Amino acid sequence: MEYRVGQGFDIHRLVEGRKLIIGGVEIPHNKGFLAHSDGDVLLHALADAILGSIGEKDIGYHFPDTSKNTENMDSKEIVKEVLNILYSKGYRLINIDSTIIANKPKLQPYIETIKESLSKLLS
Numbered sequence: 015m016e017y018r019v020g021q022g023f024d025i026h027r028l029v030e031g032r033k034l035i036i037g038g039v040e041i042p043h044n045k046g047f048l049a050h051s052d053g054d055v056l057l058h059a060l061a062d063a064i065l066g067s068i069g070e071k072d073i074g075y076h077f078p079d080t081s082k083n084t085e086n087m088d089s090k091e092i093v094k095e096v097l098n099i100l101y102s103k104g105y106r107l108i109n110i111d112s113t114i115i116a117n118k119p120k121l122q123p124y125i126e127t128i129k130e131s132l133s134k135l136l137s
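Our numbering applies: residue 15 is where the sequence shown begins, and numbers increase by one.
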């Protein structure tokens, strides 16, 4: 089997009045990511990595921020659609690794829940 590797990256500004969602998990915090969708930077980076690994255009192409269809979109739906593209091209996901860079909030208490969310989403 041919192995493909993708690299994804995403960043959004934290603002008041938005939910903070990382890896499909809502994290209690007074700010959330400013974005057209739910702003889940982990799932956006994952989707971009998958798309890049199979030579597809990025999530901005597939899920444009100018579309009403993607407004406040749950990023789990983005990943599900990206996985369908992956599978339709005859590939499968074998492994992921990710790094989240953030000072606040502390994510350690939520890491296992995020892992469980990702495992459920990707299986």
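Idealized CB from N, CA, C, for every residue including glycine. None of these values were measured; they are calculated from a predicted model.
Out of the options, which one is the CA nearest neighbour of residue i?
i, options, result
"H76", "A61, N86, S67", "A61"
"D24", "E70, T113, N98, E126", "T113"
"D88", "E40, V29, R27, L28", "E40"
Please state whether the Cβ-Cβ distance between residue i and residue j is less than 8 Å.
i, j, result
"I128", "V96", "no"
"L57", "V93", "yes"
"I35", "D54", "yes"
"G38", "S131", "yes"
"G22", "R32", "no"
"L48", "K90", "no"
Should residue i go down as buried or exposed, given a rule of 16 or more other Cβ atoms within 10 Å for buried?
i, result
"S102", "exposed"
"S51", "buried"
"A116", "exposed"
So, under 8 Å CB-CB, residue i and residue j are touching, yes? Tell me the CB distance rounded to an integer number of Å.
i, j, result
"I68", "L100", "6 Å"
Decide yes or no for the touch test of the region 105-121 against the region 80-88: beta carbon pairs closer than 8 Å, at least 3 of them. Segments in contact, no.
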